[in-house]
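Numbering (full-length UniProt numbering), first residue to last: 1 to 217.
In this text, a Cβ means the ideal position worked out from N, Cα and C, and glycines have one as well.
Please read these numbers as outputs of a predicted model, since none were measured by experiment.
A short write-up of the structure that comes next.
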Amino acid sequence: MAKLNQIRAIGSMSKLPPGFVFEPTDEEILFEYLRRKIFALPLPASIIPELINLSNLDPWDLLGDGEQGRYFFSNLAGANNAVIRATSCGYWKAQGVPKQISPSSSDAHNRMIVGMKKTLVYHRGRPPHGSRTSWVIHEYRLVPSPSAARGPQLNSWVSELGRWVMCRVFVKTTSSSSRSDSTSMDVLSSSSSSSGSCLTEDSSSGDEEQTSEWFCS
1 MAKLNQIRAI
11 GSMSKLPPGF
21 VFEPTDEEIL
31 FEYLRRKIFA
41 LPLPASIIPE
51 LINLSNLDPW
61 DLLGDGEQGR
71 YFFSNLAGAN
81 NAVIRATSCG
91 YWKAQGVPKQ
101 ISPSSSDAHN
111 RMIVGMKKTL
121 VYHRGRPPHG
131 SRTSWVIHEY
141 RLVPSPSAAR
151 GPQLNSWVSE
161 LGRWVMCRVF
171 VKTTSSSSRS
181 DSTSMDVLSS
191 SSSSSGSCLT
201 EDSSSGDEEQ
211 TSEWFCS
């Protein structure tokens, strides 16, 4: 029931008028949306749903629409903060080192880090034999300034920064991953029309994921 309520919440959000495209920069995501969400400030547009428990949802439940994808807020206070982001039919796995984000006006010789962007890739099945797909999440978080004054107010602020992230889920479309893209979209179509159960197949055959490092949130 909780999973169904989250999916309904996604579908009930306001949508952009025809002809408009939502393509914020990394800096805009951090300051115009995530910062405002954390401090309960008005958002530029009410088009981003809030998901409390991302680990309950497979990518096709997030209603991504191809390369552009879908954005959402997520609270990491619960299971989403775990190293393994398990879902009903698979898991999300962190890839590479999180990217540091600096303001566009930042001095190259005195670069200030204001946020981080982590990349997670969806795998069907269970580790360590999951099948990698082309579904990707970019997870954005704010980081406190090292020069900020210390005290109870800062501690509360840092706690809020650690709880909330803004994510973009999408299907990565490149010429080298056309086969995976087709598989991912087939899974999306089949799962959306089913009762929500996972498709059954031998995930140990075909491409097995290469060993890579897990990153904690």
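Coarse secondary structure for Leu30, derived from DSSP in three states: helix
message: To the nearest angstrom, how far is the alpha carbon of Trp92 from that of Trp135?
response: 9 Å
- prompt: For the beta strand (DSSP E) that Arg168 lies in, which residues bound it at each end?
  reply: 164-171
Range covered by the alpha helix (DSSP H) that runs through Lys118: Careful: Lys118 lies outside any alpha helix (DSSP H), inside the beta strand (DSSP E) at 115-124.
- prompt: Assuming Ser106 contacts Met112 under a Cβ cut-off of 8 Å, what Cβ separation, rounded to an integer in Å, is found between them?
  reply: 5 Å
- prompt: Touching or not, the region 31-43 and the region 165-176, by the rule of three or more beta carbon pairs under 8 Å?
  reply: yes
- prompt: Over what stretch of residues does the beta strand (DSSP E) that includes Arg132 continue unbroken?
  reply: 131-142
query: Taking the alpha-carbon positions, what's the Ile38 to Val143 distance?
result: 12 Å
message: Per the DSSP calculation, Ser94 is bridged to which residue(s)?
response: One detail in the question is off: residue 94 reads as Ala in this sequence, not Ser. According to DSSP, which records beta bridges pairwise, Ala94 is partnered with Leu120.
task: Determine the contact status of residue 235 and Thr87, defining contact as a CB-CB distance below 8 Å.
output: Any question about residue 235 goes unanswered here, given that the chain covers just 1 to 217.
message: Measuring alpha carbon to alpha carbon, tell me which residue in Glu28, Gly125, Val21, Lys118 is nearest Arg70.
response: Val21
message: Using a Cβ-Cβ cutoff of less than 7 Å, which residues in the same chain neighbour Lys172 once the five nearest sequence positions on both sides are dropped?
response: Ser134, Val136
field: Proximity of Gly90 and Asp58 at Cβ, strictly below 8 Å
entry: yes
message: Can you list, in chain order, the residues of its chain with a C-beta nearer than 7 Å to that of Lys118? Leave out the 5 residues immediately preceding and following it.
response: Ala94, Pro98, Glu139, Phe215
message: Does Pro49 pass the burial test, meaning 16 or more other C-beta atoms within 10 Å, or should it be called exposed?
response: buried
field: Ser145 classed as buried or exposed, judged by whether at least 16 other C-beta atoms fall within 10 angstroms
entry: exposed
field: Residue from Leu161, Ser102, Gly96, Pro42 whose Cα sits closest to the Cα of Leu120
entry: Gly96
- prompt: Pick from Ala40, Leu43, Gly125, Gln100: whose alpha carbon is nearest that of Gly115?
  reply: Gln100
message: Short of 8 Å in beta carbon distance, which residues of its chain neighbour Leu161, apart from the five on each side in sequence? Order them along the chain.
response: Ile38, Arg141, Leu142, Val143, Pro144
query: Do Phe72 and Leu43 have their C-beta atoms within less than 8 Å of each other?
result: no
- prompt: Mind checking Leu41: buried by the 16 CB within 10 Å criterion, or exposed?
  reply: exposed
- prompt: For the alpha helix (DSSP H) that Ala35 lies in, which residues bound it at each end?
  reply: A small correction: the amino acid at residue 35 is Arg; Ala does not occupy that position in the sequence shown. Arg35 -> alpha helix (DSSP H) spans 35-38.
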